[in-house]
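Residue numbers (the numbering used here): 1 to 378. Note that beta-carbon positions come from the ideal geometry of N, C-alpha and C, so glycine has one too. Since this is a predicted model, take the numbers as computed values, not measurements. Working notes for the structure below.
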Amino acid sequence: MKKVLLIPDSFKGTMSSAEICDIMERAILENYKDIDIVKIPVADGGEGSVDAFLAAMGGEKVKIKVKGPFFNEIDSFYGIIEGGKTAVIEMAAASGLPLVEGKANPSKTTTYGVGQLMEDALNKGCKKIIMGLGGSSTNDAGCGAAAALGVKFYDKDGKEFIPTGGTLKDVFRIDKSNLNPLLKNVEIITMCDIDNPLYGENGAAYIFGPQKGADENMVKELDAGLRHIAGVIEKDMGEKIAGQKGAGAAGGMGAGMVAFFGSKLQMGIETVLDTVKFDELLSDADLVITGEGKIDHQSIRGKVVIGIAKRSKEKNVPLVAIVGDIGNGIDKAYELGVSGIFSINRVAVPYKEAKLRAKEDLYLTVDNLMKFLKRLGI
């Protein structure tokens, strides 16, 4: 064996993707001294996405001050990769739930700071922006970010204001004519792993509002605001975004990224694979090792493991999934490109016990796999 690609998802609450890559690498090198190991930490769009891209590709972490969720000044950041051509932004860095701890209120929070991160990247000459949605404290349909980049929102009296979740209902007119001209020649990809519509019982407010601090009455008000802004966007901008899959992501930020910036919504793993040029890396690979905390029937819908497996299958490269736990309904994974699935829960203990020994068990599981492959002369 000459080349292995390591591209695991994080084991939520236990190990980051970068940690898993390092542990896997140690186990492989214990058995194969002369081998090319390529480590690709996976970013899903939420907290840690910038660091994951930088770890996988190198680049620069840019630190700047922007407006936080309550329009307060905060320290924030984003990443620049590919020689300054591409910016990686996680909206949680400016509008994340940890930034409103103890004060969560999606009727008042804003994505304005996310727009400021985008603006800084544009001013630095970036021609592509990868936006990660996840962990947001907002429900403003991305109107704050749009305002930071020149979109103007007016109430029925003609007064300009920056909408938040609670004031979306007051938007009477939208003027996009002053949108930052630097956006014209910039490709924007939004990492979005959910398919919720903008509003309704499966929309942003009803599904995600409660975890952001909304009570039952606020959820109804937020949902009404999203319905209203969708109508104004359609009237003034000709964009029908309400029912688009992913429109309800991050408090409607999915819809806003499409409507205001012409972004494409794409599964996080597909964005990662395209950005790191995974298909090229596969061309001379002997094995791919991926993984996630638990693989079950939901995994088959196409997140990290299956997204990687499909591409590996196209190149006839075997793929092994190392996971924390194996659930039911995974048979189709083998049809989609997974060659083998191995749990690191070596002694079959409950999660609260397993997570305490997860790093050692991960090492031993990969070490065991490598010993087996080596014995086969692979």
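Look up residue 173 in the DSSP assignment and give the residues it is bridged to.
As a working mapping, residue 173 is identified with position 173 in the sequence shown. Note: residue 173 sits in a beta bridge opposite 154.
Bridge partners - residue 399, DSSP secondary structure assignment
Past the edges of the chain, shown from 1 to 378, lies residue 399, and the structure says nothing about it.
Where do the N-terminal and C-terminal ends of the alpha helix (DSSP H) with residue 18 fall, by residue?
Taking the sequence shown and counting its residues from 1, the one referred to as residue 18 is at position 18. Residue 18 -> alpha helix (DSSP H) spans 17-31.
Assuming residue 257 contacts residue 142 (C-beta within less than 8 Å), just tell me the rounded distance between them.
Here the question's residue 257 lines up with position 257 in the sequence shown. Here the question's residue 142 lines up with position 142 in the sequence shown. Right, their Cβ atoms sit about 6 Å apart.
Contacts around residue 286, its chain only, beta-carbon distance under 7 Å, and the 5 residues preceding and following it disregarded
The count along the sequence shown starts at 1 and reaches residue 286 at position 286. Only 1, 2, 3 and 4 meet the Cβ criterion.
Take residue 38 as the anchor and find which of 24, 45, 262 and 50 has the nearest alpha-carbon.
Translated into the one-based positions of the sequence shown, residue 38 becomes position 38. Per the Cα distances, 24.
Beta carbon of residue 45, beta carbon of residue 144: below 7 Å?
As a working note, residue 45 is residue 45 in the sequence shown. As a working note, residue 144 is residue 144 in the sequence shown. Going by C-beta atoms, residue 45 is not nearer than 7 Å to residue 144.
Report all residues from its chain with a CB closer than 7 Å to the CB of residue 363; omit the five preceding and five following residues, and keep chain order.
Along the sequence shown, read from residue 1 onward, the residue named residue 363 stands at position 363. Excluding residues within five positions, the ones whose Cβ falls inside 7 Å are 23, 26 and 27.
Quick one: what's residue 266 bridged to in DSSP?
Numbered from its first residue, the sequence shown carries residue 266 at position 266. Residue 266 pairs with 191.
Residues of its chain near residue 300, where Cβ-Cβ distance is below 8 Å and the 5 sequence neighbours each way are ignored:
By one-based count along the sequence shown, residue 300 stands at place 300. Cβ within range, chain order: 306, 329, 330, 332, 333 and 336.
Among residues of its own chain, excluding the 5 on either side of residue 346, which ones have a beta-carbon nearer than 6 Å to its beta-carbon?
Here residue 346 corresponds to residue number 346 of the sequence shown, with the count starting at 1. Counting only Cβ-Cβ distances below 6 Å, and skipping sequence neighbours, we find 361.
What span of residues does the alpha helix (DSSP H) with residue 233 cover, start to end?
Counting from one through the sequence shown, the residue named residue 233 turns up at place 233. From DSSP, the alpha helix (DSSP H) with residue 233 extends over 216-237.
Identify which residue in 372, 376, 374 and 355 has its Cα closest to the Cα of residue 14.
As a position in the sequence shown, residue 14 is number 14, starting the count at 1. The shortest Cα separation from residue 14 among 372, 376, 374 and 355 belongs to 355.
Report, in whole angstroms, the separation of the C-beta atoms of residue 343 and residue 318, which I expect to be a contact under 8 Å.
As a working mapping, residue 343 is identified with position 343 in the sequence shown. As a working mapping, residue 318 is identified with position 318 in the sequence shown. Their Cβ separation, rounded to whole angstroms, is 18 Å, which puts residue 343 and residue 318 out of contact at 8 Å.
Quick check: residue 180 and residue 150, are their CB atoms within less than 7 Å of each other?
The residue given as residue 180 occupies position 180 in the sequence shown. The residue given as residue 150 occupies position 150 in the sequence shown. Yes, Cβ-Cβ distance for residue 180 and residue 150 is below 7 Å.
Stretch-stretch touch, CB-based, cutoff 8 Å, three pairs: the region 239-247 with the region 195-205
yes
Measuring straight from C-alpha to C-alpha, what distance separates residue 124 and residue 184?
Against the sequence shown, residue 124 aligns to sequence position 124. Against the sequence shown, residue 184 aligns to sequence position 184. One C-alpha to the other measures close to 15 Å.
Taking the straight line between their C-alpha atoms, what separation do you get for residue 374 and residue 320?
For this step, residue 374 is matched to residue 374 along the sequence shown. For this step, residue 320 is matched to residue 320 along the sequence shown. Roughly 15 Å between the two C-alpha positions.
Taking the beta carbon of residue 298 as the centre, do at least 16 other beta carbons fall within 10 Å, making it buried, or is it exposed?
To locate residue 298, count along the sequence shown from 1; it is residue 298. It counts as exposed.
Through-space distance from residue 326 to residue 294, alpha-carbon basis:
Looking up residue 294 in the sequence shown gives position 294. Looking up residue 326 in the sequence shown gives position 326. Taking the straight line from one Cα to the other gives about 6 Å.
Neighbour-count burial assignment, residue 350, 16 or more Cβ in a 10 Å radius:
Position 350 of the sequence shown, counting from 1, holds the residue named residue 350. Counting Cβ neighbours within 10 Å, residue 350 comes out exposed, since fewer than 16 surround it.
For residue 83, count neighbouring C-beta atoms within 10 Å of its own C-beta (all shown protein chains included) and say buried if the count is 16 or more, exposed if not.
For the purposes of this step, residue 83 is taken as the residue at position 83 of the sequence shown. It counts as exposed.
Where does residue 276 fall in DSSP's three states?
Walking along the sequence shown from the start, residue 276 turns up at place 276. Residue state, collapsed to three classes: coil.
Where does residue 78 sit, in a helix, a strand or coil, going by DSSP?
The residue you call residue 78 lines up with position 78 of the sequence shown. Strand, per DSSP.
From residue 216 to residue 206, what distance separates their C-alpha atoms?
On the sequence shown, position 216 is the one that residue 216 refers to. On the sequence shown, position 206 is the one that residue 206 refers to. Cα to Cα, residue 216 sits roughly 9 Å from residue 206.
Using beta-carbon positions only, say whether residue 104 and residue 212 come within less than 7 Å of one another.
Sequence index remark: in the sequence shown, residue 104 carries index 104 (1-based). Sequence index remark: in the sequence shown, residue 212 carries index 212 (1-based). It is a contact, given that the beta carbons lie within the stated cut-off.
Across which residues does DSSP place residue 335 in a beta bridge pair?
For the purposes of this step, residue 335 is taken as residue 335 along the sequence shown, with counting starting at 1. Residue 335 is not bridged to any residue.
Counting along the chain, where does the beta strand (DSSP E) carrying residue 326 start and finish?
Locating residue 326 in the sequence shown gives position 326, counting from the first residue. Element bounds for residue 326: 319-326.
Within 8 Å, do at least three Cβ pairs link the region 219-227 to the region 64-78?
no
I need the straight-line Cα distance from residue 269 to residue 110, nearest angstrom please.
Taking the sequence shown and counting its residues from 1, the one referred to as residue 269 is at position 269. Taking the sequence shown and counting its residues from 1, the one referred to as residue 110 is at position 110. In a straight line, the C-alpha of residue 269 is about 27 Å away from that of residue 110.
For the region 47-119, list the alpha helix (DSSP H) runs that are entirely contained and at least 4 residues long, ordered along the chain.
Counting whole runs of 4 or more residues, the region 47-119 contains the alpha helix (DSSP H) stretches 49-57 and 92-95.
Alpha helix (DSSP H) containing residue 208: first to last residue?
To locate residue 208, count along the sequence shown from 1; it is residue 208. Where residue 208 is concerned, the enclosing alpha helix (DSSP H) stretches over 204-208.
Nearest by alpha-carbon distance to residue 66: which of 121, 190, 155 and 264 is it?
For the purposes of this step, residue 66 is identified with residue 66 of the sequence shown, where counting begins at 1. Considering only alpha carbons, the answer is 121.
Do residue 292 and residue 323 come within 7 Å of each other at the CB atom, strictly closer than that value?
Along the sequence shown, one-based indexing puts residue 323 at 323. Along the sequence shown, one-based indexing puts residue 292 at 292. Their beta carbons are under 7 Å apart, which means residue 323 touches residue 292 by this criterion.
Grab me the residues of residue 40's own chain with a C-beta within less than 6 Å of its C-beta, minus the 5 sequence neighbours each way, in chain order.
Within the sequence shown, the letter at position 40 stands for residue 40. Closer than 6 Å at Cβ, skipping near neighbours: 7, 56 and 276.
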